[in-house]
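Positions 16 to 188 (this note's numbering) are the ones given, in order, by the sequence shown.
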Amino acid sequence: MATDLLKFEAAARKYQSAVVRYCYGRLGGDGELALEVFDDVLEVLYKKWDRIDTDSDILPWLLRVADNLSKNALRRKRKYYSNVVPLPDGSDGGGGPAVTDEYFLPDEDETVGRIEKDLSDADRALFRARFIEKKTLKEMESSTGLPYSTLRIRLKKIETTVRERIERGEYRG
Numbered sequence: 016m017a018t019d020l021l022k023f024e025a026a027a028r029k030y031q032s033a034v035v036r037y038c039y040g041r042l043g044g045d046g047e048l049a050l051e052v053f054d055d056v057l058e059v060l061y062k063k064w065d066r067i068d069t070d071s072d073i074l075p076w077l078l079r080v081a082d083n084l085s086k087n088a089l090r091r092k093r094k095y096y097s098n099v100v101p102l103p104d105g106s107d108g109g110g111g112p113a114v115t116d117e118y119f120l121p122d123e124d125e126t127v128g129r130i131e132k133d134l135s136d137a138d139r140a141l142f143r144a145r146f147i148e149k150k151t152l153k154e155m156e157s158s159t160g161l162p163y164s165t166l167r168i169r170l171k172k173i174e175t176t177v178r179e180r181i182e183r184g185e186y187r188g
């Protein structure tokens, strides 16, 4: 198992540049979205690792996965922006209070506490370091000893879980 993890991390490092460049081009130069798609590609690679012949060149397969995930990302982006209605600066559009963090999250500390309570100890530490203490992935890599790619995948899973719970309303007062 440890050898597989080392092989996975080596493959992630080996193909990162090529896959991110490919995604960057497919996504119209959106670097942040390209990195998100690369995270998703790594997640697919990790899930299918035991079924892939890693002795051969997997770049063509990775680029096909990246192509499909890039298309999905563009669809989501278009759908999101087609539903966004711009609000006048400093208002909620109805003459109510100004749009601020306090307006949207009146009990932010309480909400964060509920989120952290639902996470495992390891995930709680990663969540706190990244989203509360605002540490960079490089800082987290050196402090935790976890490889960069592993951190990105774990943080993506944490973020997805938390986002789904927020959307379901699990953290409302």
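Glycine included, each C-beta is placed from N, C-alpha and C at the ideal position.
query = With distances taken between CB atoms, is the gap from V56 to L77 smaller than 8 Å?
reply = Position 41 of the sequence shown holds residue 56. Position 62 of the sequence shown holds residue 77. Taking 8 Å as the Cβ cut-off, V56 and L77 qualify as a contacting pair.
Contact belief for P162 with E24 at Cβ below 8 Å, rounded distance in angstroms = As a first step, residue 162 must be located in the sequence shown, where it is residue number 147. As a first step, residue 24 must be located in the sequence shown, where it is residue number 9. Right, the Cβ-Cβ distance comes to about 5 Å (below 8 Å), so this counts as a contact.
task = State the CB to CB distance for the pair R145 and L170, rounded to an integer number of angstroms; the pair is presumed to be in contact (CB under 8 Å).
result = For the purposes of this step, residue 145 is taken as the residue at position 130 of the sequence shown. For the purposes of this step, residue 170 is taken as the residue at position 155 of the sequence shown. The Cβ separation is near 6 Å, so the contact holds.
key: Same chain, Cβ closer than 6 Å to A26, neighbours up to 5 away in sequence not counted   = As a first step, residue 26 must be located in the sequence shown, where it is residue number 11. Hits under 6 Å: none found.
ask   = In this structure, does DSSP put E179 in helix, strand or coil?
value = Your numbering for residue 179 matches position 164 in the sequence shown. It is helical.
request  = Find out if the Cβ-Cβ distance for the pair R41, S85 is shorter than 8 Å.
outcome  = What you label residue 41 is simply residue 26 of the sequence shown in a count that begins at 1. What you label residue 85 is simply residue 70 of the sequence shown in a count that begins at 1. Yes.
request  = Rounded to whole angstroms, what's the CA-CA distance from I168 to E174? Just pull it up for me.
outcome  = Taking the sequence shown and counting its residues from 1, the one referred to as residue 168 is at position 153. Taking the sequence shown and counting its residues from 1, the one referred to as residue 174 is at position 159. Answer to the nearest angstrom: the Cα atoms are 10 Å apart.
task = Give the single residue among S157, L152, L60 whose Cα lies nearest to the Cα of I73.
result = For the purposes of this step, residue 73 is taken as residue 58 along the sequence shown, with counting starting at 1. Nearest of S157, L152, L60 to I73, Cα basis: L60.
key: Cβ pair Y37, G46 closer than 8 Å   = Your numbering for residue 37 matches position 22 in the sequence shown. Your numbering for residue 46 matches position 31 in the sequence shown. Result no, Cβ atoms of Y37 and G46 do not sit closer than 8 Å.
inquiry  = Among the candidates D68, L48, R143, N83, whose CA atom is the shortest distance from the CA of K92?
reply    = Within the sequence shown, the letter at position 77 stands for residue 92. Nearest C-alpha to K92: L48.
query = Can you name, in chain order, every residue of its own chain whose Cβ lies under 6 Å from the Cβ of V80, other than the five neighbours on each side?
reply = Locating residue 80 in the sequence shown gives position 65, counting from the first residue. Cβ within range, chain order: V56, V59.
ask   = Buried or exposed: where does A6 fall if 16 or more other Cβ atoms within 10 Å of its Cβ makes it buried?
value = One cannot answer for residue 6 here, as it falls past the ends of the chain, which runs 16 to 188.
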